[in-house]
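Protein chains in written order, with this note's numbering: chain A, 477 to 832; chain B, 477 to 832; chain C, 477 to 832; chain D, 477 to 832; chain E, 477 to 832. Taking it in order: structure first as structure tokens, then the write-up.
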Amino acid sequence: MPNRDTISRKHKLGQPPGALLYTGAPRTEKATFSLTSYNDKSHSEHIYSNFASCFEKTIPGFTHWINIEGLHDTELVGSIGERFGIHPLTLEDVMNTQTRPKFEDYDGYLVVILKMIRFDRETRKVVIEQLVIILKDQIVITFQEKDGEDAFDHVRHRINVSKGRIRKSGADYLCYALMDAVVDYYFEALERIGDLVEELEEALIEEPKQEIMHRLHDLKRQMIMLRKSVWPLRELINNIERSENPQITDNTHLYLRDLKDHIVLVIDTVETYRDLLSGLMDLYLSSVSNRMNEVMKVLAIISTVFIPVTFLAGVYGMNFDIMPELHDPRAYYILWGVMILLMVLQISYFKKRKWF
Amino acid sequence: MPNRDTISRKHKLGQPPGALLYTGAPRTEKATFSLTSYNDKSHSEHIYSNFASCFEKTIPGFTHWINIEGLHDTELVGSIGERFGIHPLTLEDVMNTQTRPKFEDYDGYLVVILKMIRFDRETRKVVIEQLVIILKDQIVITFQEKDGEDAFDHVRHRINVSKGRIRKSGADYLCYALMDAVVDYYFEALERIGDLVEELEEALIEEPKQEIMHRLHDLKRQMIMLRKSVWPLRELINNIERSENPQITDNTHLYLRDLKDHIVLVIDTVETYRDLLSGLMDLYLSSVSNRMNEVMKVLAIISTVFIPVTFLAGVYGMNFDIMPELHDPRAYYILWGVMILLMVLQISYFKKRKWF
Amino acid sequence: MPNRDTISRKHKLGQPPGALLYTGAPRTEKATFSLTSYNDKSHSEHIYSNFASCFEKTIPGFTHWINIEGLHDTELVGSIGERFGIHPLTLEDVMNTQTRPKFEDYDGYLVVILKMIRFDRETRKVVIEQLVIILKDQIVITFQEKDGEDAFDHVRHRINVSKGRIRKSGADYLCYALMDAVVDYYFEALERIGDLVEELEEALIEEPKQEIMHRLHDLKRQMIMLRKSVWPLRELINNIERSENPQITDNTHLYLRDLKDHIVLVIDTVETYRDLLSGLMDLYLSSVSNRMNEVMKVLAIISTVFIPVTFLAGVYGMNFDIMPELHDPRAYYILWGVMILLMVLQISYFKKRKWF
Amino acid sequence: MPNRDTISRKHKLGQPPGALLYTGAPRTEKATFSLTSYNDKSHSEHIYSNFASCFEKTIPGFTHWINIEGLHDTELVGSIGERFGIHPLTLEDVMNTQTRPKFEDYDGYLVVILKMIRFDRETRKVVIEQLVIILKDQIVITFQEKDGEDAFDHVRHRINVSKGRIRKSGADYLCYALMDAVVDYYFEALERIGDLVEELEEALIEEPKQEIMHRLHDLKRQMIMLRKSVWPLRELINNIERSENPQITDNTHLYLRDLKDHIVLVIDTVETYRDLLSGLMDLYLSSVSNRMNEVMKVLAIISTVFIPVTFLAGVYGMNFDIMPELHDPRAYYILWGVMILLMVLQISYFKKRKWF
Amino acid sequence: MPNRDTISRKHKLGQPPGALLYTGAPRTEKATFSLTSYNDKSHSEHIYSNFASCFEKTIPGFTHWINIEGLHDTELVGSIGERFGIHPLTLEDVMNTQTRPKFEDYDGYLVVILKMIRFDRETRKVVIEQLVIILKDQIVITFQEKDGEDAFDHVRHRINVSKGRIRKSGADYLCYALMDAVVDYYFEALERIGDLVEELEEALIEEPKQEIMHRLHDLKRQMIMLRKSVWPLRELINNIERSENPQITDNTHLYLRDLKDHIVLVIDTVETYRDLLSGLMDLYLSSVSNRMNEVMKVLAIISTVFIPVTFLAGVYGMNFDIMPELHDPRAYYILWGVMILLMVLQISYFKKRKWF
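See the structure below:
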């Protein structure tokens with residue numbers, strides 16, 4: 477049911493704005509919490525299954541990253557919102573997995589909503605999940621739809637081994653690092669799609685089958701979905717850049733400028749693939765019509781060469797009492813001559829018109 | 477007559493600007509009025525069939541919401557306009573059901589005109605109706621084309637049970653809440669259309685029939701209409717945001733920003749569906765031409781295999797006196813051999829060209 | 477010769493800028509003048525065939541509207557220009573019936589150039605004519621290409637019976653009222669075109685004939701022309717709004733804002749019709765190719781079912797001396813059995829492939 | 477070799493910027509110079525074949541127009557540049573006939589580069605040539621690629637007979653007058669193209685031949701080229717308008733505004749023709765497929781009507797010893813009946829399906 | 477594997493931002509360095525295979541150009557970055573051969589990243605390579621992916637022979653000169669592509685083969701790639717122009733304005749080629765369908781002319797005992813007459829419908 481990705485499944489008809497309603501795929505597992513705390517000297521990492529205990533651990537002077545996986549627990553999200561003073565509208569966006577990517581500067585905190593894109597090698601389909609990043613003072617809270625192949629593991633690893641500048645920088649850099657990790661996965665997914673496009677192109681040139689058209693259509697639909705997730709990112713990053721919020725340092729702005737270049741490259745690549753897919757569809761259609769042309773030519777040549785001579789044979793198979801030609805001893809041979817001549821004339825006519 | 481939705485039925489040719497002329501579907505029922513009054517402590521709700529009595533009831537210190545269903549009574553609309561000091565141009569827009577969605581800041585009141593969209597499950601068509609919201613001090617007046625499945629019932633319910641922040645907020649929030657309720661119905665309608673798109677895609681992959689093309693065309697036309705209703709909303713909400721009218725509080729602006737995100741998502745989704753529908757049309761056309769290809773191949777193979785041998789059979793059915801082959805005892809068997817050889821050669825040629 | 481509408485017929489090659497050259501259809505009738513003078517107390521209306529006498533009648537303190545029909549008299553237009561101090565470039569635009577719609581703020585007067593659009597019910601074509609409105613103090617001068625079904629009669633009537641606010645307002649409101657009357661006719665024309673689109677859609681669904689394609693093409697061409705006339709109006713009205721000319725009062729600006737909404741709706745509707753027409757063309761093409769598919773299937777089924785059995789009949793119609801089967805008493809019946817079996821097999825194959 | 481127009485023939489690979497390299501069609505004739513000098517009292521005109529002598533003649537207090545035809549002489553262009561203090565980059569643009577239309581405000585002089593467009597009635601093709609206009613104090617220098625049907629003759633004539641305001645205005649007005657003359661030729665060319673479009677439309681409706689498609693393609697390609705020449709003019713004229721160079725007087729700005737309207741009209745018309753051509757291509761393709769449909773229907777009807785009865789005839793032409801029907805005296809007549817019945821049934825089936 | 481050009485091969489999944497990872501084609505050769513130093517009096521040029529020794533040679537008062545070919549040595553790029561104080565994000569861009577063309581103004585230096593485009597005459601494909609130019613005080617550092625046909629040789633030659641103004645200008649002019657040399661190669665590549673487009677057009681008009689469609693598709697794909705490289709250049713040059721960095725002198729800005737015109741011309745030309753290629757595809761498809769039409773007409777004419785008469789011949793070849801016509805002495809001649817009449821009627825019908 478891939479189209480369903482385009483629109484929320486259960487919409488909040490009749491709910492007041494800010495009402496919490498989970499709109500993702502149904503889940504039963506319990507949400508999990510991880511708390512990563514670090515400064516340039518030390519770091520710690522804990523996993524909890526209870527929000528209250530998770531929160532007790534935050535230490536002043538450290539950067540804290542609280543990662544929450546699983547959004548289906550309305551009550552839980554509500555209590556997190558209350559604890560950190562998050563506006564109900566933000567919480568509504570957290571739970572509605574169809575929210576459009578955006579950056580918002582609320583009084584006291586910043587929110588970034590974007591889509592994590594992963595290419596599932598088995599179904600050969602792009603999987604889109606929502607990620608919400610909230611930056612409040614030195615605390616970064618991330619909400620993920622579900623747990624799985626994790627773009628964040630790389631960031632966590634860098635914190636652990638103190639690779640790059642992440643341990644030396646504050647929560648705003650962590651925010652950037654998470655967004656950067658998500659965008660890196662976009663390139664990964666696009667590369668896989670690039671492989672599929674190439675594969676289809678080769679298959680198409682070898683033999684144009686209807687199945688290829690179906691796969692082209694499928695890819696095109698995925699590009700439409702991807703585009704919907706990726707297109708708003710340009711505006712998102714522009715809004716961050718223009719925001720004069722003091723929480724984002726000048727140094728992080730430099731990195732955000734770099735991220736913007738990556739996002740623009742992602743958008744360019746999505747557009748390029750759309751163009752390539754359109755080109756392949758045109759190629760497919762022209763191949764089909766070319767193929768038909770060839771079939772028709774063979775049919776036309778064979779039919780038109782034999783139909784007139786078959787008629788002649790039919791005529792001399794008639795049983796009229798009086799058919800003088802039948803009694804002429806040379807008639808049979810003359811007829812063969814006429815028939816062969818006819819066939820040769822037709823073939824040379826087709827040859828002249830470059831039919832073969 | 478679906479196209480007629482795109483343009484007014486009876487236009488006001490020769491009428492002065494501001495002349496009142498009802499352009500919706502003809503109606504005979506009497507217009508109905510409901511008056512909802514509330515503050516954070518109490519609320520009341522009354523239904524009237526007479527405008528004058530409706531108005532007597534407005535109490536200072538409360539937020540009043542006057543909902544008017546049925547716009548066909550020119551005189552009535554005129555007297556409402558006079559009572560509240562509404563400009564004739566606004567009243568003209570109220571009655572002309574083809575007005576483009578817009579926000580206008582008149583001296584003394586604000587007007588929002590938008591389209592209510594409902595998906596009729598029986599006709600499987602989108603129904604578009606006009607809604608005019610006028611905000612004047614603590615009074616909100618809404619004009620609806622007709623009564624039916626009502627997006628406003630949810631808002632009314634929230635007022636009654638004091639759900640969310642509606643009872644604590646003023647008339648500007650009520651305005652927002654009504655717009656939000658209308659936009660929620662857009663998602664509902666889009667979800668239904670998404671179901672239809674999906675249904676058509678499945679039917680199309682199973683068997684491409686012309687009926688599917690007709691349904692695709694029908695959906696596409698509905699998307700064109702939807703787009704016309706939805707596209708101006710972006711500008712509308714931008715105009716509200718930019719308006720510095722003191723009637724709209726800062727808090728409501730926050731909610732309007734959220735509404736804007738929803739509107740942009742609606743627009744994105746409409747565009748996505750247009751893209752998906754175009755993709756399905758391409759798929760349909762390629763399926764049809766593929767199907768034709770297959771039919772032609774079968775025809776070509778059978779025809780070209782049998783036409784030459786039928787000619788040979790015709791030749792030896794001729795009645796010439798002198799046809800030496802006829803008298804050769806092995807001739808019949810040799811001919812069968814030649815004919816079978818011919819057929820095998822042709823079939824292997826087609827096989828080589830990957831015709832089957 | 478409908479394309480000719482897109483470009484001037486006789487262009488002023490080699491003429492200096494500001495040279496007067498009439499480019500409309502050739503005319504021989506004399507130009508006519510009407511002078512309407514009014515204030516809120518009284519009004520008068522006169523028709524002249526001589527410009528000088530027309531001008532004598534203008535009375536101070538009144539709003540004057542001079543309407544001139546027929547532009548082919550170069551000398552006349554020149555003398556009007558001289559009398560009112562109109563710049564030669566404006567006069568050139570007055571006479572060149574191909575001028576693009578625009579608003580210009582000259583020193584001492586304002587010019588609005590737009591296209592009057594009328595749907596001719598006989599030829600079923602849109603007729604486009606140029607209208608120039610010049611506003612100079614309390615005088616409005618209008619130049620029309622020719623006389624006919626007149627959008628201005630309604631305005632004249634309103635002046636006569638003092639309907640609406642026209643008699644109470646000045647020359648700037650008259651200007652607006654004229655533009656509004658012209659735009660009302662756009663809706664009228666669009667409604668007629670909407671009828672044609674609908675008619676074509678119904679005819680198309682019933683039976684796709686080539687004639688429908690020609691009519692679709694014709695409508696599409698008319699939409700291209702309409703669009704060229706209508707598209708610049710948005711810029712025109714924006715320019716008026718931005719112009720800070722004191723001749724246009726605040727009150728009239730309110731009406732112009734309303735007019736702008738109408739213009740945007742006209743543009744939207746033209747675009748909607750273009751989309752609908754494209755949709756109908758796609759539908760037509762798919763219907764044609766579907767139809768072909770059906771024809772080919774019937775041909776393929778009948779041909780492939782009968783060609784092999786006809787071959788068999790041909791074989792046993794041969795006259796070889798030695799054909800043992802011919803002498804077997806059951807052979808004829810066996811052959812019928814084989815032939816029927818062959819036909820049944822083929823038909824069930826086609827049935828399985830859903831050919832019918 | 478029409479595509480070659482889109483790109484320079486010999487590009488200056490490895491040349492320093494500002495290097496002079498002629499890129500137009502090869503020429504051997506000597507360049508010619510004409511010097512026109514005028515003020516409102518007198519004027520003179522001379523033709524030289526030597527640049528030095530041409531320059532001696534410039535008289536203070538007069539407006540001078542030096543027109544140079546033929547750009548292939550690198551040395552000559554270099555010496556002109558030196559004499560008037562022209563920047564090497566400008567000279568490079570003068571000689572490179574592929575320069576994009578632009579306006580540049582250099583220190584001490586202004587440059588306008590645009591394309592002269594002429595419709596060659598013999599080849600029925602648009603001919604594009606480059607024109608460079610340099611305005612330096614009271615001197616206007618124009619560089620033309622070659623001499624031929626001359627848009628400038630009209631301007632020269634107006635100077636000679638003192639028609640219009642040219643003699644009363646300065647060098648900036650001359651500049652404008654030259655650009656206006658060039659743009660007037662655009663309308664001329666567009667009118668010719670409009671004739672061709674119309675001609676093709678009529679031919680297409682009468683009979684859709686492949687030759688029409690070739691001509692449509694050819695016209696479309698010319699529109700692509702035209703567009704490339706015309707599109708940058710809007711920016712060019714905007715740049716002149718925005719330039720606050722004192723050499724351009726207020727009065728000339730009024731004329732430039734008028735020129736801008738003309739340019740926008742040219743661009744609109746080019747776009748309109750592109751739309752019309754696309755429409756004609758769609759019409760052509762639908763006609764071809766309709767034609768095919770008709771051919772296939774005739775083939776299908778004749779084939780399917782006769783194939784089954786031919787089979788029956790073949791059956792009773794067989795030579796089996798035992799074929800009881802052959803000996804029934806009514807059999808021949810019954811068979812005719814059956815065959816006619818079959819044919820009638822098929823024809824009525826086709827009739828019912830509206831095949832004819 | 478041409479699609480792979482659109483996206484990086486090995487992306488830096490899990491690497492921190494600023495991590496150096498070479499993403500181009502694998503290489504084994506050692507990187508080479510060349511140092512060109514010059515002022516208006518003298519110049520020197522050296523080639524090194526060791527970066528440290530290369531750097532020792534830089535002399536104060538001279539303009540230095542360090543050209544580095546081969547980017548696969550991560551360590552080397554890192555040490556260059558350290559030596560010149562280049563930000564890690566810049567170094568990441570240097571090594572990632574998929575970086576989008578851009579200009580960046582870092583604290584202390586400027587970076588320009590663009591694509592070098594070369595047309596490989598053997599593979600008939602466009603080869604795209606990355607070039608990074610860093611401008612820091614009087615030092616220009618260029619990073620090239622690999623060594624080959626070198627756009628820079630021309631610049632080097634100009635330095636050596638002191639051609640043009642390069643020796644008299646500073647490092648900013650050198651920067652410009654390098655970009656100009658790169659853009660000149662774009663024209664070269666576009667000219668080659670123009671040749672191919674023309675070649676295809678001629679081949680297409682002569683005979684529409686499927687192979688042409690494949691080549692058109694291939695060219696179109698190359699245009700998509702080219703466009704992706706060329707499109708961002710407009711923004712790049714605008715950013716340089718708007719940058720108020722004192723390193724870029726006013727004089728160089730004049731040259732950059734000229735370069736901008738070239739870039740816009742390149743973009744225009746790429747778009748023009750895309751349009752031309754689309755036009756050729758339409759022409760190809762119409763030719764194919766026209767060809768099919770012709771084939772079908774020949775088939776239809778021959779079939780429909782002979783099928784009915786073959787039926788008649790079949791009828792009189794039947795062996796019924798009683799077939800009175802067979803014994804009429806004129807019957808055979810009458811039948812011939814009927815058959816010829818039938819054929820003539822059909823042919824004249826087809827003639828009337830303009831089938832041939």
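Glycine included, C-beta positions come from ideal geometry on N, C-alpha and C. Every value quoted in this text rests on a predicted model; they were computed, and no experiment measured them.
Exercise for review: Determine the DSSP secondary structure at A/PHE832, reduced to helix, strand or coil.
Suggested key: Here residue 832 of chain A refers to the residue found at position 356 of the first sequence. Note: A/PHE832 maps to coil in three-state DSSP.
Review point. With DSSP run on the structure shown, which of helix, strand or coil describes C/TRP707?
Key: Within the third sequence, numbered from 1, the residue matching residue 707 of chain C stands at position 231. Reduced to three states, the DSSP call for C/TRP707 is coil.
Review point. If you compare alpha carbons, which of C/LYS685, C/GLN822, C/SER824 and C/VAL785 is closest to C/ILE810?
Key: As a first step, residue 810 of chain C must be located in the third sequence, where it is residue number 334. Closest option to C/ILE810, Cα to Cα, is C/VAL785.
Exercise for review: Measure from the C-beta of B/ASN766 to each C-beta in chain A and report whether the shortest distance is under 8 Å.
Suggested key: Reading the second sequence from its first residue, position 290 is the one you call residue 766 of chain B. Cβ-Cβ to chain A under 8 Å: yes for B/ASN766.
Practice item. Taking C/GLY646 as the reference, give the member of C/ALA627, C/GLU675, C/ASP629 and C/GLN614 with the closest Cα. Key: In the third sequence, residue 646 of chain C corresponds to position 170, counting from 1. For the residues C/ALA627, C/GLU675, C/ASP629 and C/GLN614, the minimum Cα distance to C/GLY646 belongs to C/GLN614.
Check your understanding: Is the shortest distance between the beta-carbon of C/ILE778 and the beta-carbons of chain D less than 8 Å?
Key -> In the third sequence, residue 778 of chain C corresponds to position 302, counting from 1. Yes, because at least one Cβ of chain D sits closer than 8 Å to the Cβ of C/ILE778.
Exercise for review: Please state if the CB of A/MET689 and the CB of A/TYR760 are separated by a distance shorter than 8 Å.
Suggested key: Counting from 1 along the first sequence, the entry for residue 760 of chain A is found at position 284. Counting from 1 along the first sequence, the entry for residue 689 of chain A is found at position 213. Going by C-beta atoms, A/TYR760 is nearer than 8 Å to A/MET689.
Review point. How big is the Cα-Cα spacing for C/LEU712 and D/LEU741?
Key: Taking the first residue of the third sequence as 1, we reach residue 712 of chain C at position 236. Taking the first residue of the fourth sequence as 1, we reach residue 741 of chain D at position 265. In a straight line, the C-alpha of C/LEU712 is about 14 Å away from that of D/LEU741.
Practice item. Closer than 8 Å by beta-carbon distance: list the chain E residues that pair up with D/VAL771, in chain order. Key: Locating residue 771 of chain D in the fourth sequence gives position 295, counting from the first residue. Chain order gives the chain E residues near D/VAL771 as ASN769, MET772, LYS773, ALA776 and TRP831, where near means a beta carbon separation below 8 Å.
Point to revise | Residues that A/ASN795 contacts on chain E, provided the C-beta gap is smaller than 9 Å | key: Within the first sequence, residue 795 of chain A is the residue found at index 319, counting from 1. Those are TYR792, GLY793, MET794, ASN795, MET799 and LEU802, listed as they occur along chain E.
Review point. Under the three-state reduction of DSSP, which class applies to B/GLY813: helix, strand or coil?
Key: For this step, residue 813 of chain B is matched to residue 337 along the second sequence. Three-state result, B/GLY813: helix.
Review point. Under a Cβ-count criterion, where at least 16 other Cβ atoms within 10 Å of its own Cβ denotes burial, should E/HIS487 be classed as buried or exposed?
Key: Taking the first residue of the fifth sequence as 1, we reach residue 487 of chain E at position 11. In this prediction, E/HIS487 has a pLDDT of 49, which is less than 50 and means its spatial position is unreliable; nothing more can be read from the coordinates.
Point to revise | chain E contact residues for D/ILE700, given Cβ-Cβ distances below 8 Å | key: Here the question's residue 700 of chain D lines up with position 224 in the fourth sequence. Those are THR748, ASP751, LEU752 and GLY755, listed as they occur along chain E.
Review point. In chain C, which residues lie with their C-beta within 9 Å of the C-beta of B/GLY494?
Key: As a working mapping, residue 494 of chain B is identified with position 18 in the second sequence. Going along chain C in sequence order, the residues near B/GLY494 (Cβ under 9 Å) are GLY640, ARG641, TYR731 and ASP734.
Check your understanding: Hey, is E/SER762's beta-carbon within less than 8 Å of any beta-carbon in chain D?
Key -> What you label residue 762 of chain E is simply residue 286 of the fifth sequence in a count that begins at 1. Output row for E/SER762: interface = yes.
Review point. Can we say the region 556-571 of chain A touches the region 629-637 of chain A, given the rule of at least three CB pairs closer than 8 Å?
Key: Two segments are said to touch when three or more pairs of C-beta atoms, one from each, lie closer than 8 Å; by this definition the region 556-571 of chain A does not touch the region 629-637 of chain A.
Review point. Which residues in chain B sit within 7 Å of C/PRO722, going by Cβ to Cβ distance?
Key: By one-based count along the third sequence, residue 722 of chain C stands at place 246. Chain B residues near C/PRO722: none, gap ~20 Å exceeds 7 Å.
Practice item. Scan the region 719-793 of chain C and note each continuous alpha helix (DSSP H) run of 4 residues or more that stays entirely inside, going in chain order. Key: 726-791
**Study point:** Buried or exposed by the 16-neighbour rule on C-beta atoms within 10 Å, applied to A/GLU580
**Key:** By 1-based counting over the first sequence, the position of residue 580 of chain A is 104. When all chains shown are included, A/GLU580 counts as buried.
Review point. Going by beta carbon distance, what residues of the same chain come within less than 8 Å of C/ARG767, once the five residues before and after it are set aside?
Key: Your numbering for residue 767 of chain C matches position 291 in the third sequence. These residues qualify, in order along the chain: PRO684.
Check your understanding: Out of D/ARG643, D/PHE663 and D/ARG691, which has the shortest C-alpha to C-alpha gap to D/GLU675?
Key -> Translated into the one-based positions of the fourth sequence, residue 675 of chain D becomes position 199. Of the listed residues, the one whose Cα sits closest to D/GLU675 is D/ARG691.
Review point. Would DSSP call C/MET819 helix, strand or coil?
Key: Here the question's residue 819 of chain C lines up with position 343 in the third sequence. Note: C/MET819 maps to helix in three-state DSSP.
Review point. If you follow the alpha helix (DSSP H) that A/MET655 is part of, which residue opens it and which one closes it?
Key: Residue numbering aside, residue 655 of chain A sits at position 179 when the first sequence is read from its first letter. From DSSP, the alpha helix (DSSP H) with A/MET655 extends over 647-682.
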